[in-house]
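Residue numbers (the UniProt record's numbering): 1 to 336. Cβ coordinates follow ideal geometry from the N, Cα and C atoms, glycine included. Working notes for the structure below.
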């Protein structure tokens, strides 16, 4: 009986120690988050899935949506709050979309299938412009604050899009860009032998007028700001200089367990898509090569290199300062 009592006391002692260690670990984690002194809200770990499979495609990755609460008590939608399921926000047309069998080989072939009823009229006396877009992974496009097209495929297979709109010059293009994620809340996906591998983004666009003249291409003159950065292993790796949000010193290797990874979230400013929104304090977009984005094996891009890589009007891939860790990015550009 005495021996049994001693064993019971030892067991209770182990349980108590384990609880203290767990509590200490939790407090240490919270303390580390509190040490962060930037302007973002901080979350840690995996988000709760609130919507599964907003789009499905053969051989495509899951397109779930989640929610997570930051240390300051705010709730965030990850990878982003989008209009994908909003019927009032029009879908783009296909330049190339293997998910829906539209594997066009030329711009001309894709345009021959375009339905003119899909042209979004902003100004009755305006001119029709055509935007050709390849986004990794998802975009929503506004012109003068009016929704003109959203990506049909939020994640993969990789696709490219056509958006037509009628507007008077000058006009302002504003786009929400999202690098989707499998592990919600930590900007990660299974890839290259790692369960939690950081994804990457990138967007390229060419805009033409009715005479087929290029009026805009993506380049460093666009504005770009990040609003969701993950995965972050160590909050000390991030910094802010003015309105620049830097994570270039952060580890991008990922790992097999990302449940302790952090994420940074910033609230989107009101009216960011409007023509009169003041983006003068936003950083200029950072440009990236085709090789960095990795499009040489994607027919949704390579079928149209004569468009995107025209030597006279070469469109460059753009993003915010970190194409790997920044997952929700807003970009803006005015066509004069």
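> Based on Cα-Cα distance, which residue from 216, 281, 205 and 265 lies nearest to residue 241?
Replying inline: 281
> Just the Cα atoms here: how many angstroms apart are residue 38 and residue 239?
Replying inline: 7 Å
> If you draw a straight line from the C-alpha of residue 293 to the C-alpha of residue 111, how long is it?
Replying inline: 26 Å
>> So for residue 274, helix, strand or coil by DSSP?
In response: coil
>> Which of the three DSSP states is assigned to residue 328 in this structure?
In response: strand
>> Quick check: the Cα distance between residue 319 and residue 288, rounded to an integer number of angstroms?
In response: 8 Å
> Are residue 173 and residue 92 closer than 8 Å when you measure CB to CB?
Replying inline: no
> For the putative contact between residue 269 and residue 321, defined by C-beta atoms under 8 Å, what is the C-beta separation to the nearest angstrom?
Replying inline: In fact, because the Cβ distance is near 18 Å, the residues do not count as touching under 8 Å.
>> Quick check on the burial criterion: 16 or more other C-beta atoms within 10 angstroms. Buried or exposed for residue 181?
In response: buried
>> Just to check my reading of the structure: residue 54 and residue 154 have Cβ atoms closer than 8 Å, yes? What is that Cβ distance to the nearest angstrom?
In response: 6 Å
> Given 8 Å as the limit, is there contact between the segment 85-102 and the segment 201-209, that is, 3 or more CB pairs closer than that?
Replying inline: no
> Buried or exposed: which applies to residue 327, given that a residue is buried once 16 or more other Cβ atoms fall within 10 Å of its Cβ?
Replying inline: buried
> Would you report the Cα separation of residue 149 and residue 213, rounded to the nearest angstrom?
Replying inline: 21 Å
> Going by beta carbon distance, what residues of the same chain come within less than 8 Å of residue 125, once the five residues before and after it are set aside?
Replying inline: 168
> Where does residue 136 land, buried or exposed, given buried means 16+ other C-beta within 10 angstroms?
Replying inline: buried
>> Buried or exposed for residue 5, going by 16 or more other Cβ atoms inside 10 Å?
In response: Confidence at residue 5 is low in this model, with a pLDDT of 41, below 50, so the placement of that residue should be treated as unreliable; the coordinate-derived value is given next. Looking at its Cβ environment, which holds fewer than 16 other Cβ atoms inside 10 Å, residue 5 is exposed.
> When burial is assigned at 16 or more other CB atoms within 10 Å of the CB, is residue 306 buried or exposed?
Replying inline: exposed
> Taking the continuous alpha helix (DSSP H) assigned at residue 305, which residues delimit it?
Replying inline: 305-308
> Sorted by chain position, which residues of the same chain lie with C-beta nearer than 8 Å to residue 70's C-beta, five sequence neighbours on each side aside?
Replying inline: 41, 42, 43, 76 and 265
>> Rounded to the nearest angstrom, what separates residue 131 and residue 62 at their Cα positions?
In response: 27 Å
> Residue ranges of each beta strand (DSSP E) run of no fewer than 3 residues wholly in the segment 176-216, ordered along the chain?
Replying inline: 188-191, 194-198 and 203-208
>> In chain order, what are the residue ranges of uninterrupted alpha helix (DSSP H) at least 4 long that sit wholly in the segment 41-92?
In response: none
> Around the C-beta of residue 79, are 16 or more other C-beta atoms found within 10 angstroms, so that it is buried, or is it exposed?
Replying inline: buried
>> According to DSSP, simplified to helix, strand and coil, what is residue 116?
In response: helix
>> Measuring only the C-alpha atoms, how far is residue 32 from residue 244?
In response: Per-residue confidence for residue 32 stands at a pLDDT of 47, beneath the threshold of 50, marking its modelled position as unreliable; no derived number is given.
> In chain order, what residues of the same chain lie with their CB nearer than 6 Å to the CB of residue 273, ignoring the 5 residues before and after it?
Replying inline: 142, 145 and 174
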